[in-house]
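Chemist: The following block contains the structure, expressed as structure tokens.
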Amino acid sequence: APRKSLHFLEEIITRDLEEGKTREVVTRFPPEPNGYLHIGHAKSICLNFGLAEQFGGRCNLRFDDTNPAKEETEYVRSIQEDVRWLGFQWAELRYASDYFAQFHAWAVELIRKGLAYVDSSSPEEIRAGRGTLTRPGSLSPYRDRSVEENLDLFGRMTRGEFDEGACVLRAKIDMASPNLNLRDPVLYRILKRSHHRTGDTWCVYPMYDFAHGFEDAIEGVTHSICTLEFQDHRPLYDWFLEHVSVPSRPRQFEFARLNLSYTVMSKRRLLELVTLGIVSGWDDPRMPTISGLRRRGYTPSSIRRFCAEIGVARADSMVEIELLQHCLREELNRTALRRMAVLRPLKVVLENWPEDRVDELPAENNPEDPGAGSRTLAFGRELYIEQDDFRMDPPKGFFRLSPGREVRLKHAYLITCREAVTDEAGQVTELRCTVDLDSRGGDAPDGRKVKGTLHWVRAQDGVPATVRLYDHLFTLRDLGDMDPDKDYKDYLNPASLTELPALVEPALAQAAPGERFQFLRHGYFCADGDSTGEHPLFNLTVSLKDSWAK
Ligand code: ATP
Ligand code: MG
Ligand code: MG
């Protein structure tokens, strides 16, 4: 259903268009290629691409690759894949590094105007000189260098004549500003590192604050949307744009970043989980990355729906992961084919079923979607059910199988347990049962009530498979609440992954990687990328039980 009220950015853009302040809305999604995208980025993607679409404008994908130290082409590739997978197409693909020469020219322009200087203080001296919230900064002894001297020194910095840390280029703004970002911020530092695109062309690299507004101005971005922690940087964003001749005047707006319960969202931590081998990779199904969610079985539409549900606000908050799961579950309930998969199999022999008799039973593929049709299940004398569906001594309220009890086998017959065969250790190895041969389809001829319904596979055609069950990666809902003496890794959930043997119905042997199903009574599962016809492998996408309370 369409939302009735506009969020604050939609209101701003609507007004800008009405007042003629904006002719065409131009936004950008500007990831730094230093990691894989996560669900927080999805919020920013949906917002930036969504606004452009909604207002008939355009959105660029821009790699904010101004720091050579952490950036890699693998990330450049994965980010494009993930944005496309989410269902968005950028107007243009841009790299901030393509603008290095222009940034440099603007730095020279600032020097010529007496608004930037080369500071030869040490990094420690510069840090100390910046002051604090309660104490103004102090002027650098190099602040009054002449324009000529600054031009000469910056040129020598650029040609590689100085070592890393020997000097930096700073803006000359206001060392007494209550906003620390305006106390002569660093514009350029020396980094003798190869850049993933420009190689060794440069040995000075611009700082994020200096570069970002210029990137927007070059691309004609009208609304530069970023997260709240950049609010205090906005005066600086504007200052740079006001003091050099830029081709357009973008404006910055801030929104609240997404925090999701029971997970971490910083690329630094996600990278650490990968490099320490705590997860199998960036696309481990427990990761909050787009590639992890994809491998887990999430659909692009469920992620977009989630981003629409959480909305856009100016106050930080924690969103429950159950809401994300709820969005997916609702979709898969409508679309996923129902299948039977028996975890931890337990053999059942139907003593009164003739040895050679095999029944072909119709089974609907999705009760929510008659168009999904049906399949045929073979039923015979030897079957498997789950170990968890049998109890020697059933507790109150247990309606599954136990000695003397009758249950329904889904799409099939009513069976009664006559005897549980055990091994020397007392483990149940097999159930001897009888079947009501007149109960085909699952109804008793005399109308007697049978409460429990179990899923099953036939022994002869059950396909051995592996099923991976997942739980939260962390045990703490909000890692912001963690004990300050501990590390976030102390809160890893040791039970976040459980691998189980299973027997699945034959239709699942052909599951293509990425294909999603509902396993009856368990939840939604997705065939893993490593799944093969010989050995199917399924990931738990989301359980059936919806714990999301509206
Ligand atoms: P990290 O702090 O984890 O390194 P980042 O913000 O530095 O993340 P970028 O690659 O710079 O990562 O992010 C690209 C865009 O995605 C930015 O505009 C940023 O504001 C946005 N973004 C990042 N994380 C979130 C989040 N949790 N919620 C909403 N938007 C986010
Ligand atoms: Mg970052
Ligand atoms: Mg960033």
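For the sequence shown, the UniProt record's numbering begins at 10 and goes up steadily by one.
The C-beta atom is built at its ideal place from N, Cα and C for all residues, glycine as well.
#1: In three-state DSSP terms, what is Tyr246?
#2: On the DSSP bridge list, what partners appear for Ser411?
#3: At which residues does the alpha helix (DSSP H) containing Met166 begin and terminate?
#4: Are the beta-carbon atoms belonging to Leu359 and Cys442 less than 9 Å from one another?
#5: Three Cβ pairs or more, each shorter than 8 Å: is that satisfied between the region 29-48 and the region 291-310?
#6: Does at least one heavy atom of ligand 1 sit under 8 Å from the Cβ of Thr236?
#7: Kindly list the residues whose CB is nearer than 7 Å to the CB of Ala453, restricted to its own chain and excluding five residues on each side of it in sequence; keep chain order.
#8: Assign Pro77 to buried or exposed, taking buried as 16 or more other Cβ atoms, counted over all protein chains shown, within 10 Å of its Cβ.
#9: Check whether the Cβ of Met274 lies closer than 8 Å to any heavy atom of ligand 1, and answer yes or no.
#10: So, helix, strand or coil for Cys336, using DSSP?
#11: Can you check whether the CB of Gly146 is closer than 9 Å to the CB of Arg179?
#12: Tell me, which residues are paired with Pro371 by DSSP?
#13: On the DSSP letters alone, give me the boundaries of the beta strand (DSSP E) that Lys458 sits inside.
#14: With which residues is Ser326 paired in a DSSP beta bridge?
#15: Can Ala536 and Ala520 be called in contact, C-beta distance under 9 Å?
#16: Hey, Ile182 and Leu18: beta-carbon distance below 9 Å or not?
#17: Could you pull the DSSP bridge partners for Ile424 from this structure?
#18: So is Pro294 buried or exposed if we call it buried at 16+ other beta carbons inside 10 Å?
#19: Between Lys52 and Cys316, which are expected to be in contact by the criterion C-beta below 8 Å, what is the C-beta distance as a whole number of angstroms?
#20: Kindly examine ligand 1 and report whether one of its heavy atoms sits closer than 8 Å to the Cβ of Gly44.
#21: Quick one, which of Gly389, Asp490, Pro412 and Gly59 has its alpha-carbon nearest Asp398's?
#22: Kindly indicate which residue of Ile312, Arg304 and Val513 has the alpha-carbon position closest to the one of Asp539.
#23: Using a Cβ-Cβ distance cut-off of 9 Å, determine whether Pro215 contacts chain D.
#24: Leaving aside the five residues before and after Tyr497 along the sequence, list all residues of the same chain whose C-beta is less than 7 Å from its C-beta, in chain order.
#25: Rounded to whole angstroms, what is the Cα-Cα separation between Thr507 and Val551?
#26: Using 8 Å as the cut-off, classify the Cβ of Lys356 as near or not near the heavy atoms of ligand 1, replying yes or no.
#27: Kindly give me the distance between the Cβ atoms of Thr385 and Glu373, rounded to whole angstroms, as I take these residues to be in contact under 8 Å.
#28: Please give me, in chain order, every unbroken run of the alpha helix (DSSP H) with length at least 4 that falls completely inside the region 16-66.
#29: Gly44: buried (16+ other C-beta within 10 angstroms of its C-beta) or exposed?
#30: Residues in its own chain within less than 7 Å of Val283 by CB, not counting five upstream and five downstream?
#31: Tell me whether Gly49 counts as near ligand 1, meaning its Cβ is closer than 8 Å to at least one heavy atom of that ligand.
#32: Tell me whether Arg400 sits in a helix, a strand or coil according to DSSP, three-state version.
#33: So what does DSSP say about Asn548, is it helix, strand or coil?
#34: List the whole-angstrom C-beta distance separating Asp91 from Pro39, where the pair is believed to meet the contact cut-off of C-beta under 8 Å.
#35: Quick check: what's the CA-CA separation for Leu440 versus Lys356?
#36: If we ignore side chains and look at the alpha-carbon of each, how far apart do Ile120 and Tyr108 end up?
Modeler: Taking the definition as stated:
#1: helix
#2: DSSP, once it has assigned bridges, lists no residue as partnering Ser411.
#3: Val156 to Thr167
#4: yes
#5: yes
#6: yes
#7: Leu423, Asp445 and Val459
#8: buried
#9: yes
#10: helix
#11: no
#12: Thr385
#13: Per DSSP, Lys458 belongs to no beta strand (DSSP E) and is neither H nor E.
#14: Leu267
#15: yes
#16: no
#17: Val416 and Val444
#18: buried
#19: 5 Å
#20: yes
#21: Pro412
#22: Arg304
#23: As a matter of chain content, chain D is missing from the structure shown, which is built from one protein chain.
#24: Val273, Arg278, Leu488 and Met491
#25: 14 Å
#26: no
#27: Wrong, their Cβ atoms sit about 11 Å apart, outside the cutoff.
#28: 17-27 and 48-63
#29: buried
#30: Gly290 and Trp291
#31: yes
#32: coil
#33: strand
#34: Wrong, their Cβ atoms sit about 15 Å apart, outside the cutoff.
#35: 6 Å
#36: 19 Å
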